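Peer 1:
Residue numbers (the numbering used here), protein chains in the order written: chain A, 705 to 774; chain B, -12 to 215.
(1) Beta-carbon of residue 47(B) versus every beta-carbon of chain C: anything under 8 Å?
(2) Can you list, in chain order, the residues of its chain with a C-beta nearer than 7 Å to that of residue 47(B)? Leave out the 5 residues immediately preceding and following it.
(3) List the whole-angstrom C-beta distance separating residue 69(B) from residue 81(B), where the pair is believed to meet the contact cut-off of C-beta under 8 Å.
(4) Under a CB-based cut-off of 8 Å, is residue 725(A) close to chain B?
(5) Please state whether DSSP places residue 82(B) in a helix, a strand or coil.
(6) Quick one: is residue 740(A) buried, meaning 16 or more other Cβ sit within 10 Å of its Cβ, or exposed?
(7) The beta strand (DSSP E) spanning residue 729(A) covers which residue range?
(8) Buried or exposed for residue 770(A), going by 16 or more other Cβ atoms inside 10 Å?
(9) Please list, in chain order, the chain A residues whose beta carbon lies closer than 9 Å to that of residue 32(B).
(10) Determine the burial state of residue 193(B): buried for a count of at least 16 other Cβ atoms within 10 Å of its Cβ, exposed for fewer.
(11) At least one CB of chain B closer than 8 Å to the CB of residue 715(A): is that the case?
(12) Please list the terminal residues of the continuous beta strand (DSSP E) segment that includes residue 124(B).
(13) In chain order, what residues of the same chain have a beta carbon less than 8 Å from the beta carbon of residue 21(B), not counting five sequence neighbours either side?
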């Protein structure tokens, strides 16, 4: 959040879908880096850290429930 | 002597009055310019929201404001942001931005006594659900709702009051979740260009579930698909 302006302000920003080779390369680098968690492992770690249950099949269930298979 | 003193006070008051008018005009110009551009945007026919999609607190006039915004920004490749009163439908502030960002500047006193909701669009090439930064609403006391007009749906984030801890948690979770979804879809679907559309849906579902499972009265995320 960036605060600017007369006595206040806000920045509304969102994240672009990766389209350029450079943006996709960054994702590949994260996936292939053996020293960082990626994908489901990253999410599992967050849930454990927060003391929450984690459903190992959550992505697959959403894909099936919403018929998202390509 | 007394008369001269009174004259001096009158002259000073008039001078201050003139300065106040000039300042007001200068502050109003960007809003008017933005509104002019906004008014000139073409209304898009086709699916949009219906009145029942909005929270009960929103009036029919507010629905008209939101519906018009959805139709005007649907095919834009840059962001627009308006603050509006969800009881009267009145547009209070207007800002234009770039593809994935819009910056608002305001004096919070302008929102006193208003029922403020913000509404901005997410162009087609960006992820439609709220980003981590969009939870900044939890740092703004005057803003009760943040609405996001995606290409095919409207996201309604109810977030009344300030909650700094929750803002940090949701920002971290949303950013981490979107990274995880992108990595999962990249692994599963490889170079398929539709992989990120799937990612968009998974991210939205998981973000809504995480937030709504918290069962906190003042915060809620809802997705409303546009209807023909």
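Beta carbons are placed, not taken as given, at the ideal position from N, Cα and C, and that holds for glycine. Just so you know, these numbers come straight off a predicted model, no measurement behind them.
Peer 2: A quick look at the data gives this:
(1) Any reference to chain C falls outside this structure, whose protein chains are A and B.
(2) 38
(3) By a beta-carbon distance limit of 8 Å, residue 69(B) contacts residue 81(B). Their separation comes to about 5 Å.
(4) no
(5) strand
(6) With fewer than 16 neighbouring CB atoms inside 10 Å of its own CB, residue 740(A) falls in the exposed class.
(7) Element bounds for residue 729(A): not the beta strand (DSSP E) but the alpha helix (DSSP H), 725 to 736.
(8) exposed
(9) By Cβ distance, chain A contributes nothing, its closest Cβ being about 25 Å from residue 32(B), past 9 Å.
(10) By the C-beta density criterion, residue 193(B) is buried, having at least 16 other C-beta atoms within 10 angstroms.
(11) yes
(12) Element bounds for residue 124(B): n/a, residue is neither H nor E.
(13) 81, 82, 83
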